[in-house]
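Trainee:
In this note's numbering, the protein residues as written are 2 to 71.
Right, here's the structure in full:
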């Protein structure tokens, strides 16, 4: 999911910049709003990964045995 967010952020950022260069201020403003929403979604996914997904993954047997082997 986060990979998709990164692609969306890159896409909306590029299109927003083109709109600005073309003088399409209203379009650029709307695209910036969408870009802000995508950035918020990305931050939420980061938090979920750090707080829930990554710690749970470390508890999986293959990671637990690799950690104890060190």
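Using N, Cα and C, we set each Cβ at its ideal position, and we do this for glycine too.
1) Quick test of the definition: if touching needs 3 or more C-beta pairs under 8 Å, does the stretch 40-47 touch the stretch 5-25?
2) Kindly indicate which residue of 53, 59, 62 and 16 has the alpha-carbon position closest to the one of residue 1.
3) Rounded to whole angstroms, what is the Cα-Cα separation between residue 84 and residue 54?
4) Is DSSP giving residue 23 helix, strand or coil here?
Mentor: Concretely, from the data shown:
1) yes
2) Residue 1 lies beyond the stretch modelled for the chain, which goes from 2 to 71, so this question has no answer here.
3) No answer is possible for residue 84: it lies beyond the span of the chain, which begins at 2 and ends at 71.
4) coil
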